[in-house]
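To start, the structure itself, in structure tokens.
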Amino acid sequence: MDKVLGRLSSGAGALAVGAFTVNSCLFNVDGGERAVMFDTLRGGILPDVIDQGTHFIIPVIQRPIVMDVRTRPREIPSVTGTKDLQMVNIKLRVLWRPVIEKLPRLYRELGTDFDERVLPSIGNEVLKSVVAQYNAEELLSKRAEVSARIKEEMIKRGEHFYLTLDDVAITHLTFGREFMKAIESKQVASQEAERQQWVVKRAEQERQAVVTRAQGEAEAAQIITNAMEKSGNGIIEVRRIDAAKEIAQKLAGSRNITYLPGGAAGSGGNSPGLLLNIDK
3 MDKVLGRLSS GAGALAVGAF TVNSCLFNVD GGERAVMFDT LRGGILPDVI
53 DQGTHFIIPV IQRPIVMDVR TRPREIPSVT GTKDLQMVNI KLRVLWRPVI
103 EKLPRLYREL GTDFDERVLP SIGNEVLKSV VAQYNAEELL SKRAEVSARI
153 KEEMIKRGEH FYLTLDDVAI THLTFGREFM KAIESKQVAS QEAERQQWVV
203 KRAEQERQAV VTRAQGEAEA AQIITNAMEK SGNGIIEVRR IDAAKEIAQK
253 LAGSRNITYL PGGAAGSGGN SPGLLLNIDK
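All residue numbers for the sequence shown refer to the working numbering, where the first residue is 3 and numbers rise by one.
Given below as structure tokens:
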């Protein structure tokens with residue numbers, strides 16, 4: 003029995019040692035990751051990039067460095083000056099990822115925290131150089147152009163450090179308090195000027211309306227005068243008949259009038275009509 007237990011113990015120990023040995027000879031690279039190999043016998047980082055999956059290594063001699071190669075966001079704040087010496091607070095959002103083929107060199111030169119070493123530096127440098135070429139108002143009116151130039155410069159600088167920038171955009175842009183007050187005052191003055199222009203235009207239109215109305219009345223008076231000269235008192239009779247009809251209609255619609263003399267409607271009766279039998 004003791005011999006059996008001893009053999010089982012030896013077998014378990016051998017299995018444990020074997021499992022440990024096998025485990026130390028394998029490593030995994032997950033999705034969205036790549037690895038580079040450090041080899042003590044071959045002088046450091048090997049030039050090959052290790053893809054996803056399970057791979058063999060030589061224990062003690064080789065050590066894998068697994069690196070994330072997925073696209074990640076990074077916000078870069080900066081305080082810089084414009085062309086007209088206004089201070090501006092600006093934030094840049096960058097979507098970046100390392101160039102997979104350059105991972106051995108990237109790790110050799112910058113280590114695993116290469117984003118902390120590179121992105122803030124080149125981001126501030128590009129922001130200061132581009133923003134300095136525009137005045138404060140142009141940063142607001144030409145924001146798309148400024149963002150495009152920053153993106154172009156950032157991509158060029160990123161390539162130098164083996165980084166690919168998928169997107170670069172301005173997410174925050176504010177000026178100093180004094181400049182914001184100046185913009186507000188200018189906007190108020192502009193609105194007041196537009197209101198005054200509107201008042202002037204309205205007055206001009208009212209003046210033209212008065213002139214047109216006076217011209218129309220003068221032309222109407224001239225037409226009446228000409229008609230009276232040609233037809234004698236005919237135009238006056240027409241006006242008297244129109245006035246009588248209007249008065250009759252108003253009286254007929256009144257509650258206090260229950261009977262309207264026939265003469266009022268111009269029927270020719272004996273009773274005097276309204277404005278029809280006025281002495282000529």
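Ideal Cβ positions, reconstructed from N, Cα and C, are used throughout, including at glycine.
Next on the checklist: Can you list, in chain order, the residues of its chain with a C-beta nearer than 8 Å to that of residue 51? Leave out the 5 residues immediately preceding and following it.
Outcome noted: Once the five neighbours on either side are set aside, the close Cβ partners of residue 51 are 36, 37, 38, 102, 103, 105, 106.
Item to check | Cβ separation of residue 125 and residue 94, assumed to be a contact under 8 Å, to the nearest whole Å | outcome: Taking C-beta atoms under 8 Å as the contact rule, residue 125 and residue 94 qualify, at a distance of about 6 Å.
Checklist entry - What are the uninterrupted segments assigned as beta strand (DSSP E) that are 3 or more residues long and contained completely in the stretch 98-139, given in chain order? => result Segments of the beta strand (DSSP E) lying fully in the stretch 98-139: there are none.
Next on the checklist: For a cutoff of 8 Å on Cβ pairs, would you count residue 96 as touching chain C?
Outcome noted: Among the chains in the structure shown there is no chain C, since it carries only a single protein chain.
Checklist entry - For residue 84, does the count of other Cβ atoms within 10 angstroms reach 16, so buried, or fall short, so exposed? => result Around the beta carbon of residue 84, a 10 Å sphere encloses 16 or more other beta carbons of the protein chains shown; the residue is thus reported as buried.
Next on the checklist: So, at 6 Å on beta carbons, what are the nonlocal neighbours of residue 43 in its own chain, with the 5 sequence-adjacent residues on each side left out?
Outcome noted: Taken in chain order, the residues that qualify are 63.
Checklist entry - Given residue 40, which residues of its chain have a CB within under 8 Å of its CB, disregarding the five upstream and five downstream residues? => result So the qualifying residues of the chain are 46, 47, 48, 64, 65, 66, 67.
Item to check | Residue range of the unbroken beta strand (DSSP E) whose run includes residue 148 | outcome: Unbroken run through residue 148 is the alpha helix (DSSP H), 145-162; no beta strand (DSSP E).
Checklist entry - So, residue 119 versus residue 98, is the Cβ gap smaller than 8 Å? => result No; because the gap between Cβ atoms is not below 8 Å, this pair is not in contact.
Next on the checklist: For residue 71, tell me which candidate among 87, 116, 92, 29 has the shortest Cα-Cα distance.
Outcome noted: With distances taken between Cα atoms, residue 71 lies closest to 116.
Checklist entry - Along the chain, where does the beta strand (DSSP E) that runs through residue 165 open and close? => result Where residue 165 is concerned, the enclosing beta strand (DSSP E) stretches over 165-177.
Next on the checklist: For a test of the three-state rule: what should DSSP assign to residue 42, helix, strand or coil?
Outcome noted: It is coil, neither helix nor strand.
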